[in-house]
Amino acid sequence: MDTFQQVSMHQALEPPLGHGKCSAAGHDAGKASGCGTGGGNCPVICSAMGGNPYAGLVSRLRAAWLSGKTRPMEYRVAQLEALGRFLDEKKEDILEATALDLGKPSFEAYFTEILLCKNELNDTLNNLSHWMKDEHVCKNLVTQLDSAFIRKDPYGVVLIIAPWNYPIHLFLVPLIGAIAAGNCVIIKPSEIAKNTEKLIAETLTCYLDSDCFAVVTAGVPETTRLLENKFDYIFFTGSPSVGRMVMGAAAKHLTPVTLELGGKNPCYVSDTCDVRNAARRVAWGRFFNAGQTCVAPDYVLCSLEMQEKLMPALREAITEFYGSNPKESPDFGRMVGDKQFQRVQALLSSGTVAIGGQTDAETRYIAPTVLVDVQPSDPVMQEEIFGPILPFITVASVDEAIDFINSRERPLVTYAFSSDHKVVNQVLERTSSGGFCGNDTLMHVMLTSLPFGGVGNSGLGMYHGKFTFDTFTHRRGCLHRGMGREALNAPRYPPYSQQKLGMVRAVSELKRKGACTLL
Ligand code: NAD
98 MDTFQQVSMH
108 QALEPPLGHG
118 KCSAAGHDAG
128 KASGCGTGGG
138 NCPVICSAMG
148 GNPYAGLVSR
158 LRAAWLSGKT
168 RPMEYRVAQL
178 EALGRFLDEK
188 KEDILEATAL
198 DLGKPSFEAY
208 FTEILLCKNE
218 LNDTLNNLSH
228 WMKDEHVCKN
238 LVTQLDSAFI
248 RKDPYGVVLI
258 IAPWNYPIHL
268 FLVPLIGAIA
278 AGNCVIIKPS
288 EIAKNTEKLI
298 AETLTCYLDS
308 DCFAVVTAGV
318 PETTRLLENK
328 FDYIFFTGSP
338 SVGRMVMGAA
348 AKHLTPVTLE
358 LGGKNPCYVS
368 DTCDVRNAAR
378 RVAWGRFFNA
388 GQTCVAPDYV
398 LCSLEMQEKL
408 MPALREAITE
418 FYGSNPKESP
428 DFGRMVGDKQ
438 FQRVQALLSS
448 GTVAIGGQTD
458 AETRYIAPTV
468 LVDVQPSDPV
478 MQEEIFGPIL
488 PFITVASVDE
498 AIDFINSRER
508 PLVTYAFSSD
518 HKVVNQVLER
528 TSSGGFCGND
538 TLMHVMLTSL
548 PFGGVGNSGL
558 GMYHGKFTFD
568 TFTHRRGCLH
578 RGMGREALNA
588 PRYPPYSQQK
598 LGMVRAVSEL
608 KRKGACTLL
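Here the sequence shown is numbered in this note's numbering, starting from 98 and rising by one per residue.
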């Protein structure tokens, strides 16, 4: 088994420790083929020489990609199966690291970081040979004897930048598609989920081919330097503000991007719905991972009457899920860091606390909280909450709810609850968001058959299942012609004439269906 390369960018930007030696784990400075010429693989040496500390790494991966090593299906399958072994063999370590970082309950960690990743992996392995095949397309009269097809080409060297809230899932699911599509990959996990970052850097390195895959551990300044390099594709998951910076850096090289961003996901609850079920499904989606979920319902829109019915039902659901003191529940998580705790705690000053509201800075605990009397201009309605707080905004009708949603940035997902299908469909048809889920929360993410991604401020591009493979695949339009039958080509060559133009039209013109009278 090859060692997967880990490069610590914190180390990379420090002064060199030794003469021509790299301090990064698993890093063989002897393999460098020349710093400054773009061929070296030692960030320490390159940094000291004034070049970009990651240039050597990127060009080494590009050389591996150009060698064609990642193209055969057998190679891709072997790397994907190694990812499966990583998940199986490191399961306990993943549960432990995410518990340390986020107080993530082991059920939630197993469900999102292991099970959903395994599903993506198995879906990819089950379908890869089919997805990779050339797609033959329709031809016109001139090309009838030729071969016209779409080749599924890998992009080359891709960069995956991940956030901290699902620190395994959010780098691994894109990585599955990037490998399946035949790319070389640099993975940049979040430095905020420290224990998981360490685990990824130290153990994933033992499973994949070090010629083609590397983990870079980096904070903001180092990631900024990393992004100066030319990548062939960048897949970023994180906040819209950082997404803009990533897209700016990518634009310098005209690198295509996927941006999986966040936002405020509205949840409309109509007057006609099963109140108890709606409350349980909303509470689960909001308080899962202590609210640190990009697709969590961010706020509820409903009538004042429905708010009064939902409040006891939410209180009951919260007690049923987490007991009378959620702080003691093993099934309720914590804020990832002090900064995040303070930001979310400050949002509790909006409106009136109807349920919860307790906090503990030492353990970064914020109780499952529901806010009422909230104004659209309040701080809690100005930014993505990303914590266990659920504000209510009252509206008089479904029309007012739709107007409210449409007056704001387009969210990653819109939720609508109603026993009346027409109401759910109304919200679906008259709003725009990355995804949509009627009468539940989060569950649409589980289906590998659905594209997952944002629109507008919530992102650009999509993934999951085949959509991940397609994201990392350049669809290369190919026409392969025979060398003979030159007479058939004669009409398109100069000297031009009306007669030649008539012949070209006759063999190549596409007619609108139903508009053709004689032919
Ligand atoms: P973030 O944008 O702060 O960081 C994401 C990644 O970008 C991290 O790896 C970080 O090191 C890096 N980064 C941060 N600042 C940078 C900079 N200036 N230049 C270059 N790289 C930089 O996001 P986060 O706090 O880790 O995650 C929370 C956000 O991510 C929320 O907005 C959430 O909605 C969003 N998110 C979206 C999805 C999705 O699938 N759409 C999933 C999870 C999280």
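Think of the CB as a built atom: it goes at the ideal place given N, C-alpha and C, for glycine as much as any other residue.
Kindly list the residues whose CB is nearer than 7 Å to the CB of glutamine 404, restricted to its own chain and excluding five residues on each side of it in sequence; keep chain order. Val469, Phe489 and Thr491
So, with DSSP's three-state summary, where would you put histidine 571? strand
Quick check: does the Cβ of threonine 320 come within less than 6 Å of any heavy atom belonging to the ligand NAD? yes
Roughly how many angstroms separate the alpha carbons of aspartate 371 and leucine 401, rounded to a whole number? 16 Å
Going by the C-beta, is valine 313 closer than 6 Å to any heavy atom of the ligand NAD? no
Spatially closest choice to isoleucine 265 from Arg383, Val312, Val234 and Gly148, by CA coordinates: Val312
To the nearest angstrom, how far is the alpha carbon of proline 337 from that of cysteine 391? 11 Å
CB of proline 423 to nearest heavy atom of the ligand NAD: below 6 Å? no
Sorted by chain position, which residues of the same chain lie with C-beta nearer than 6 Å to leucine 256's C-beta, five sequence neighbours on each side aside? Ile283, Phe328 and Ile331
Quick check on the burial criterion: 16 or more other C-beta atoms within 10 angstroms. Buried or exposed for proline 409? exposed
Other residues of its chain near lysine 215: CB distance less than 8 Å, five sequence neighbours each side excluded: Gly181 and Leu184
Arginine 602 to proline 588, Cα distance in whole Å? 10 Å
Just to confirm the assignment, what range does the alpha helix (DSSP H) spanning aspartate 198 have? 188-199
In or out: isoleucine 560 buried (at least 16 other Cβ within 10 Å) or exposed? Per the sequence shown, the amino acid found at residue 560 is tyrosine instead of isoleucine. The residue in question, tyrosine 560, is buried, as its Cβ has 16 or more Cβ neighbours within 10 Å.
Taking only runs of the alpha helix (DSSP H) that begin and end inside the region 387-452, which ones reach a length of at least 4 residues, in chain order? 401-419 and 435-443
If we count Cβ pairs, one from each stretch, closer than 8 Å, do we get three or more for the region 512-527 versus the region 411-423? no
Exposure of aspartate 457, with buried meaning 16 or more beta-carbon neighbours within 10 Å: exposed
Can you grab the Cα-Cα spacing for the pair valine 141 / asparagine 149, in whole Å? For valine 141, the predicted structure reports a pLDDT of 37, less than 50, and the residue's modelled location is therefore unreliable. A value from the coordinates is still provided. Each residue's Cα considered, the two are about 10 Å apart.
Quick one: what's threonine 511 bridged to in DSSP? Phe533
Mark aspartate 231 as exposed unless 16 or more other C-beta atoms lie within 10 angstroms of its C-beta, in which case mark it buried. exposed
What is the residue span of the beta strand (DSSP E) that proline 169 lies within? No beta strand (DSSP E) holds proline 169; DSSP gives it neither H nor E.
Answer with yes or no whether the minimum CB distance from threonine 314 to chain B is below 7 Å. No chain B appears in the structure shown, which is made up of a single protein chain.
Alpha-carbon to alpha-carbon, tryptophan 228 and glycine 562: 11 Å
Quick one: is tyrosine 263 buried, meaning 16 or more other Cβ sit within 10 Å of its Cβ, or exposed? buried
Given a threshold of 16 other Cβ atoms within 10 Å of its Cβ, counted over all protein chains shown, does threonine 321 qualify as buried or as exposed? exposed
Hey, would you say the C-beta of glutamate 357 is under 6 Å away from at least one heavy atom of the ligand NAD? yes
Taking one C-beta from the region 376-387 and one from the region 429-449 each time, how about it: are there three or more such pairs within less than 8 Å? yes
Under DSSP, the beta strand (DSSP E) around phenylalanine 246 begins and ends at which residues? 244-251
Start and end residues, alpha helix (DSSP H) containing phenylalanine 501: 495-503
Would threonine 622 be called buried (16 or more neighbouring beta carbons within 10 Å of its own) or exposed? Not covered by the structure: residue 622. The range shown for the chain is 98 to 616.
When you measure from the CB of leucine 342 to every non-hydrogen atom of the ligand NAD, does any distance come out below 6 Å? It is methionine, not leucine, that sits at residue 342 in the sequence shown. The answer is yes for methionine 342.
Contained beta strand (DSSP E) runs [length at least 3] in the region 274-331, N- to C-terminal order: 281-285 and 310-314
Is it buried or exposed, lysine 81, if we count other Cβ atoms within 10 angstroms and call 16 or more buried? Since the first and last residues shown for the chain are 98 and 616, residue 81 lies out of range.
Can the beta-carbon of leucine 323 be found closer than 7 Å to that of tyrosine 365? no
According to DSSP, histidine 577 sits in a beta bridge with which residue or residues? Ser244
Does the Cβ-Cβ distance between leucine 358 and serine 555 come in under 7 Å? yes
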